[in-house]
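Asker: Chains as they are written, first to last, in my numbering: chain Z, 1 to 305; chain W, 306 to 584; chain U, 585 to 826; chain B, 827 to 1141.
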Amino acid sequence: MIIATERLSKWYGQVSGLNDVTVSVPEGITGLLGPNGAGKSTFMKLVTGQLRPSTGTVRVFGEPIWGNPAQYHKLGFCPEQDAFYDHMTGREWLEALAELHGMNADTAHAAATRALEAVDLLDAGDRKIGGYSKGMRQRVKLAQAIAHDPALLILDEPLSGMDPLMRRRTIRLIKEWARAGKTVVVSSHILHEIEAMTSNILLMHNGRIVAEGDVHQIRALIDEHPHRVWIRAQDPHAVARLLLGGDDVSSVKFAEEGVIVETAKPDAFYTRLTALAASGEAGAIEEVTSPDDNLQAVFSYLVKQ
Amino acid sequence: MPIHDQGYRHYAGDRALHGRGWWVIARHGMVAPLRERRFLALLLFAWSPFAVHAVQLYLGATLVRSAFFVATEETFHTFLSQQRLFVFFITIYVGAGLIASDRQSNALQVYLSKPITRHDYIGGKLLTLAMFLAAVTWIPAMLLLLLQILFSGSLDFVLDHPRLVPAITLAATLQVVLAAVTMLALSSLSRSRRFAAMLYAGLVIFAGLLDTVLEGVTRNTAWMLISPQNTLLFIIRAIFDGPPDNVALLGSAVAALVALLIACVLILERRVRAVDVVA
Amino acid sequence: MSATRRMLEITLGDMLWGRRAVFMAIAAGVPVLLAVVLRVALASGSATVVVNGSRLSTETMFGTAITLLYLRFIVPALGVYYGTSMIADEVEDKTITYLFVRPMRRGAIVLGKYLAYLVCVLAAVLPSAALVFFIMVPFANMGPLVDTFVRDLEQLAVGIAAYGALFVLAGVTFKRPLVGGLIFVFGWEPIASALPGYVGQLTVAHYLQAGTAGMLGLVLASAAAVLLAMRTIEHREYVLEQ
Amino acid sequence: MNEPAVVLDGVSVTYGRHEALRNVTAELPTGAIGLLGPNGAGKSTLIKALLGLLPPSSGRMRVLGYDVRESPLAIRARVGYMPESDAHMRGMTAVSFVAYCGELAGLPSSNAMQRAHEVLFYVGLGEARYRNVETYSTGMKQRIKLAQALVHDPDLLFLDEPTNGMDPKGRDEMLALVRDIATMKAITLILSSHLLPDVEFACDHVLVLNRGAVAAQGPIATLKGTSGRVFELRVKGGNASFLDAIRAEGLGCDGETTGVLRVYVPEQRPTQALFQIAAQHGVQVRHLRASVPSLEDVFARALGEPLDAARGKEV
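The structure is reproduced here in structure tokens:
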């Protein structure tokens, strides 16, 4: 496990950022989600050693992070705030920060070039950051997180302010880093972006971990909302009549040009449905999908404000 | 229809014509400082010289006939020039953040997307500061004059000094306008209230310090022109005591102040621009 | 401490730009300008400086200029401005995060910035003072004054170090150090030196004038203040409010 | 009112040498219009020009029947603008800030205060309306910016990234508000956002800008075009032989690595064939859906991005 916390809590003043969190983050991409004030940024500040745990421990690569600067060789952090030295050019800033990793002038230069190229800012590298658009500032911020080629990337709202094309390119970039073996923790409010990157999530609310792991597994475990399947067919009533026969169907509802079935035993139900569609007994079945087997549904079911 | 729509309703009331923006800005601008206790204390403190002079007038008019207490044009002149200390503090307290805070909190976008013009904005902000400054210069001075009339029981004081009321008004207006326009221009130069305040304080104190050193060393009073504060005092003395022997210096003093005001207006014109709204 | 050296380089680049450079240029430039104006005025004989009867010699005027202008105004002002803004500015602008997630002791940030401050301010103030000296003091009687001039420079250097260190410590500890700093330098110091007894000793200015022993004490105190600032920044949590 | 809300006729705007808008001609109907384009495409320049804050170097503009050059104030009295960045006034409570904005927009002070309360309740800031705006969360700051744009009951509303920085629940509520305003309250709104799903949800018409020129404009439905015969397929228990079987049937299929298969079914073949193959291999069809082109595809096509990049979400 790359990151492991043990009964980790953090409060400052009366604000309780995190209370009693025990969680471990595997390799690959993990989506960190939760409503505002859920404790996401407190969690990230603890994992990046900017805050000291009030109780419990947080270990990155097996070692504590607070007051242990050597860890930052392997860690890249992209903060959420829009804060820069506006008078420096993108390249100067990246090189300066790279040198703080102990690189000499030319390795820093090479690292900066690689980072600028990765975020598609090579031509704007020599312009002052003060003159960058919001999307470019976001990308140069990403660049400083990967310049020293860390094994672990913590990204706080990396896509905010980017236009749709840049969003897509950045999502692809993050997935490439993950494929190249880096572990990435991405926090975002835009659920469909997280869904496009990974299905492994860490859902937080009121400073606690609500759910952890693969979205679809989590969805299957939410038993108070049985699995829902939407079927579009030429003759919805025929399909409904035939499906009702089995004991795996708990309720049936008719919706626009289709039928919505709730089932407690998805495996049994889907096998029967595939067979029915294949046989064509109830007419042609055009589309099958589960409207609430996605991150939005999991989020709203588990985070009841 | 029995169930009323609880959502958004259209506004049926009347809408005023435009052109009132500056008054709205000025009125609202005055509300904020008045809610702060420290500022009320400052205002109260700024009126203490008024109280002292009022007592002086009372004594002059009644019990003690001695010349020391009797009011003369000079009492109003000294009163106004003494008030410059409070003009300085109030200008910084109210004025430093007038535009700087708006720039820092991006409020300019909100203002200029409303049906008001840039000049409404600048005018409104100027008026906010000017009204507070008038409250510690022109208003107490005129009240003192009124007290003098009341205590002496006759209008002859005003009749003996026909030039007094216009002199007080002109001097106070100069004080208010100079401080307000300069502070507003400096406030528009930065996004931080503190920096604008330091700029204004620096301008007034440093220029004054430099002027006294140079005048002291070179005995040449022309150095006064580098300090707006001292130039203003010189002009106010001329207003009350009549033109000085060195009329050329008076001319250049007025020119210096006019130049400063023009520079400030240009700064304001350039810094408060609609085009860099909507970032 | 290569991290300190790198921080020094980054901060040097940062110091010579924008508001900070302008502030430094004014602080170093104005006295020289003043000296030139005085010299021209005196040379043209148009004005003689008469103070309580005796004609003031330019050397004594230079002495007063050093103490009044440099020691009481420029050096403390630079110390307050740069000392407090070194860390407090980065915390307020939230750019400190990028420095905190680097593999180096956080103390190196403070030390690097303090050394950069020392280098820049010394490089600005000392030559400016020297220039004022050459302008004010006529070449003929410069000889005997050289050692007092060198002592003045030492005073300036120690003053720069001391005020800088004091306000670096303040900048790391308090949230809004600038206002407090200004009040200390322009409010407390002039008043305290006038008050009787020990009160005068609660100011930096006192030790500057107290000969080499005082100055040595100040140097040690400055070093201690910087070390304390380095320790503070390592143990303190900076919660950057939204 | 069927007359278009905004008419742009050959509008060009230049900052010094940089041509921010190049001969833009467009007619925006009433209702909800999405304003799209990559960073620097000229979206904010267009809004500034329409608000009368930025004189165009050529071309004419009419907003709500007024000519922008002749009566900018009359336009701004009937237009609400919600800026993208945080915009508030230091030291003011929500109610006093919104009432102040009402007065600035021409409402008498007593009406402005009453309107402020009503609008703050509408945007969901009822309980927090006496708090100082600086203490607000990101989501609440977005709502108060909407409130100050609505207080004087505008006929046209500019929303610049209204859902920026909000959490999922806040975003849904803001989008519901935006949709309610546009559809129920007959207020035309121009929504500039980078989040295309939000635009797709709230708007029915789009104007896409690219490097200062119009790249595409029109109702979203027509721009999307018909849905091709491409199906998204997710199965449980799928294996290599199942995939070969599909390809053997002449149905193109790719995207195995990403968990969602893309199956190209020729026009005349019913989907039943897919189910039959799955049944034969004991594979459960968990998700089969015609892949409808999204607004993102329209956007990418308008900007000349290669289509497959647009189609393949996980290319």
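C-beta atoms are modelled at their ideal positions from N, C-alpha and C, and glycine is treated no differently.
1. Output the distance between the C-alpha atoms of ARG569 (chain U) and LEU792 (chain U), rounded to the nearest integer angstrom.
2. Between ILE397 (chain W) and ALA506 (chain W), how many whole angstroms is the CB-CB distance? I'm expecting something under 8 Å.
3. State the DSSP-derived secondary structure class of THR377 (chain W), mapped to helix, strand or coil.
4. Buried or exposed: GLN217 (chain Z), going by 16 or more other Cβ atoms within 10 Å of its Cβ?
5. Would you kindly report the start and end of the unbroken beta strand (DSSP E) that includes GLU286 (chain Z)?
6. Chain Z partners of GLU821 (chain U), CB-CB under 7 Å?
7. Is the shortest distance between the beta-carbon of LEU519 (chain W) and the beta-carbons of chain U less than 8 Å?
8. Helix, strand or coil: which one does DSSP assign to VAL15 (chain Z)?
9. Counting C-beta neighbours from all protein chains within 10 Å, is the total for LEU390 (chain W) 16 or more, i.e. buried, or is it exposed?
10. In the DSSP assignment, find the beta strand (DSSP E) that holds GLN144 (chain Z) and state where it starts and stops.
11. In terms of residues, what are the limits of the beta strand (DSSP E) holding ASP907 (chain B)?
12. Ends of the alpha helix (DSSP H) at ILE190 (chain Z)?
13. Assign PRO761 (chain U) to one of two classes, buried (16 or more other C-beta atoms within 10 Å of its C-beta) or exposed (fewer than that).
14. Going by alpha carbons, who is nearest to ALA70 (chain Z) out of U:TYR665, U:ILE680, U:MET688, U:PRO722?
15. Among the residues of its own chain, which have a CB less than 7 Å from the CB of ARG137 (chain Z), if the five just before and after it don't count?
16. Determine whether the Cβ of GLN138 (chain Z) lies closer than 8 Å to any Cβ atom of chain U.
17. In the DSSP assignment, find the alpha helix (DSSP H) that holds SER884 (chain B) and state where it starts and stops.
18. Would DSSP call SER630 (chain U) helix, strand or coil?
19. At 8 Å on the CB atoms, spell out the chain U contacts of GLY131 (chain Z), in chain order.
20. Note down, in chain order, all residues in the stretch 669-689 of chain U with a beta-carbon under 8 Å from any beta-carbon belonging to chain Z.
21. Counting Cβ pairs, one atom from each stretch, are 3 or more of them under 8 Å apart for the stretch 585-605 of chain U and the stretch 692-707 of chain U?
22. Figure out for me which residue from B:ALA931, B:VAL1118, B:ALA1028, B:LEU1017 has the closest Cα to the Cα of ASP1006 (chain B).
23. Over what stretch of residues does the alpha helix (DSSP H) that includes CYS569 (chain W) continue unbroken?
24. Using 8 Å as the threshold, is the stretch 275-287 of chain Z in touch with the stretch 1105-1114 of chain B, meaning 3 or more CB pairs across them?
25. Would you kindly check if the distance between the Cβ of THR274 (chain Z) and the Cβ of ALA1066 (chain B) is under 8 Å?
26. Determine the chain Z residues that contact ARG1055 (chain B) at a beta-carbon separation under 7 Å, and present them in chain order.
27. If contact means a Cβ-Cβ distance below 8 Å, which residues of the stretch 755-781 of chain U contact chain W?
28. With 16 as the cutoff for other CB atoms within 10 Å, does ARG272 (chain Z) come out buried or exposed?
29. Can you find a CB in chain W that lies within less than 8 Å of the CB of MET827 (chain B)?
30. Leaving out five residues on either side along the sequence, give the residues of the same chain with a beta carbon under 6 Å from the beta carbon of THR1014 (chain B).
31. State yes or no: is the beta carbon of ALA714 (chain U) nearer than 8 Å to at least one beta carbon in chain Z?
32. Within 8 Å of any Cβ in chain W, is that where the Cβ of LYS1011 (chain B) sits?
33. Are the CB atoms of VAL977 (chain B) and ALA942 (chain B) nearer to each other than 8 Å?
34. Can you tell me the Cβ-Cβ gap for LEU1033 (chain B) and PRO988 (chain B), rounded? I've got them flagged as a contact below 8 Å.
35. Cα separation between LEU479 (chain W) and ARG496 (chain W)?
36. Looking at LEU740 (chain U): is its Cβ nearer than 8 Å to the Cβ of VAL659 (chain U)?
Answerer: A quick look at the data gives this:
1. Limits of chain U in this structure are 585 at one end and 826 at the other, which puts residue 569 (chain U) out of reach.
2. If you number the second sequence from 1, residue 397 (chain W) lands on position 92. If you number the second sequence from 1, residue 506 (chain W) lands on position 201. In this structure ILE397 (chain W) touches ALA506 (chain W) by the C-beta definition: roughly 6 Å separates them, less than 8 Å.
3. One-based indexing of the second sequence puts residue 377 (chain W) at position 72. In the structure shown, THR377 (chain W) sits in coil (DSSP, three-state: anything other than H, G, I, E or B).
4. Along the first sequence, one-based indexing puts residue 217 (chain Z) at 217. Burial call: exposed.
5. Numbered from 1 along the first sequence, position 286 holds the residue referred to as residue 286 (chain Z). From DSSP, the beta strand (DSSP E) with GLU286 (chain Z) extends over 285-289.
6. On the third sequence, position 237 is the one that residue 821 (chain U) refers to. Near GLU821 (chain U) (Cβ distances below 7 Å), the residues of chain Z are LEU51, ARG52.
7. As a working mapping, residue 519 (chain W) is identified with position 214 in the second sequence. Interface residue, yes.
8. Within the first sequence, the letter at position 15 stands for residue 15 (chain Z). Reduced to three states, the DSSP call for VAL15 (chain Z) is strand.
9. Counting from one through the second sequence, the residue named residue 390 (chain W) turns up at place 85. With fewer than 16 Cβ atoms within 10 Å of its Cβ, LEU390 (chain W) is classed as exposed.
10. One-based indexing of the first sequence puts residue 144 (chain Z) at position 144. Going by DSSP, GLN144 (chain Z) is part of no beta strand (DSSP E) but of the alpha helix (DSSP H) stretching over 134-146.
11. For the purposes of this step, residue 907 (chain B) is identified with residue 81 of the fourth sequence, where counting begins at 1. It is worth fixing the name first, because residue 907 (chain B) is Tyr in this sequence and not Asp. Per DSSP, TYR907 (chain B) belongs to the beta strand (DSSP E) from 905-908.
12. Counting from 1 along the first sequence, the entry for residue 190 (chain Z) is found at position 190. ILE190 (chain Z): not part of any alpha helix (DSSP H); DSSP gives it neither H nor E.
13. To locate residue 761 (chain U), count along the third sequence from 1; it is residue 177. The residue is buried, with at least 16 neighbouring Cβ atoms inside 10 Å.
14. Position 70 of the first sequence holds residue 70 (chain Z). Looking at U:TYR665, U:ILE680, U:MET688, U:PRO722, the one whose alpha-carbon comes closest to that of ALA70 (chain Z) is U:MET688.
15. The count along the first sequence starts at 1 and reaches residue 137 (chain Z) at position 137. Hits under 7 Å: ASP82, PHE84, ILE129.
16. If you number the first sequence from 1, residue 138 (chain Z) lands on position 138. For GLN138 (chain Z), the answer is no, since every Cβ of chain U falls outside 8 Å of its Cβ.
17. One-based indexing of the fourth sequence puts residue 884 (chain B) at position 58. No alpha helix (DSSP H) contains SER884 (chain B), which is instead part of the beta strand (DSSP E) from 884-889.
18. For this step, residue 630 (chain U) is matched to residue 46 along the third sequence. In this predicted model, SER630 (chain U) has a pLDDT of only 49, less than 50, meaning its place in the structure is not dependable; the value taken from the coordinates is given anyway. Note: SER630 (chain U) maps to coil in three-state DSSP.
19. For the purposes of this step, residue 131 (chain Z) is identified with residue 131 of the first sequence, where counting begins at 1. Residues of chain U passing the Cβ test: none, with the nearest at roughly 14 Å.
20. ASP677, LYS678, THR679, THR681, TYR682, LEU683, PHE684, VAL685, ARG686, PRO687, MET688, ARG689
21. Verdict: yes, contact present.
22. Position 180 of the fourth sequence, counting from 1, holds the residue named residue 1006 (chain B). Checking every option, the nearest Cα to that of ASP1006 (chain B) belongs to B:ALA1028.
23. Looking up residue 569 (chain W) in the second sequence gives position 264. Start and end: 552-576.
24. yes
25. Indexing the fourth sequence from 1 puts residue 1066 (chain B) at position 240. Indexing the first sequence from 1 puts residue 274 (chain Z) at position 274. Contact: no.
26. Walking along the fourth sequence from the start, residue 1055 (chain B) turns up at place 229. Those do not exist, as ARG1055 (chain B) stays about 11 Å from chain Z at its closest Cβ, beyond 7 Å.
27. Those residues of the stretch 755-781 of chain U that come within reach of chain W (Cβ to Cβ, closer than 8 Å) are LEU762, VAL763.
28. Locating residue 272 (chain Z) in the first sequence gives position 272, where the first residue counts as 1. Classification for ARG272 (chain Z): buried.
29. Counting from 1 along the fourth sequence, the entry for residue 827 (chain B) is found at position 1. With a pLDDT of 48 at MET827 (chain B), under the threshold of 50, the modelled position of that residue is not reliable, and the figure given next carries that caveat. False, the Cβ-Cβ gap to chain W never drops below 8 Å.
30. Here residue 1014 (chain B) refers to the residue found at position 188 when the fourth sequence is read from its first residue. For THR1014 (chain B), where only same-chain residues beyond five positions count, the Cβ hits under 6 Å are ALA831, THR856, LEU982.
31. In the third sequence, residue 714 (chain U) corresponds to position 130, counting from 1. By this cut-off, ALA714 (chain U) is not an interface position.
32. Taking the first residue of the fourth sequence as 1, we reach residue 1011 (chain B) at position 185. Closer than 8 Å to some Cβ of chain W, the Cβ of LYS1011 (chain B) qualifies, so yes.
33. As a position in the fourth sequence, residue 977 (chain B) is number 151, starting the count at 1. As a position in the fourth sequence, residue 942 (chain B) is number 116, starting the count at 1. Yes, they are a contact pair.
34. Along the fourth sequence, one-based indexing puts residue 1033 (chain B) at 207. Along the fourth sequence, one-based indexing puts residue 988 (chain B) at 162. Not confirmed; about 17 Å, so no contact.
35. As a first step, residue 479 (chain W) is located in the second sequence; it is residue number 174 there, counting from the start. As a first step, residue 496 (chain W) is located in the second sequence; it is residue number 191 there, counting from the start. Taking the straight line joining both Cα atoms gives about 28 Å.
36. Looking up residue 740 (chain U) in the third sequence gives position 156. Looking up residue 659 (chain U) in the third sequence gives position 75. Yes.
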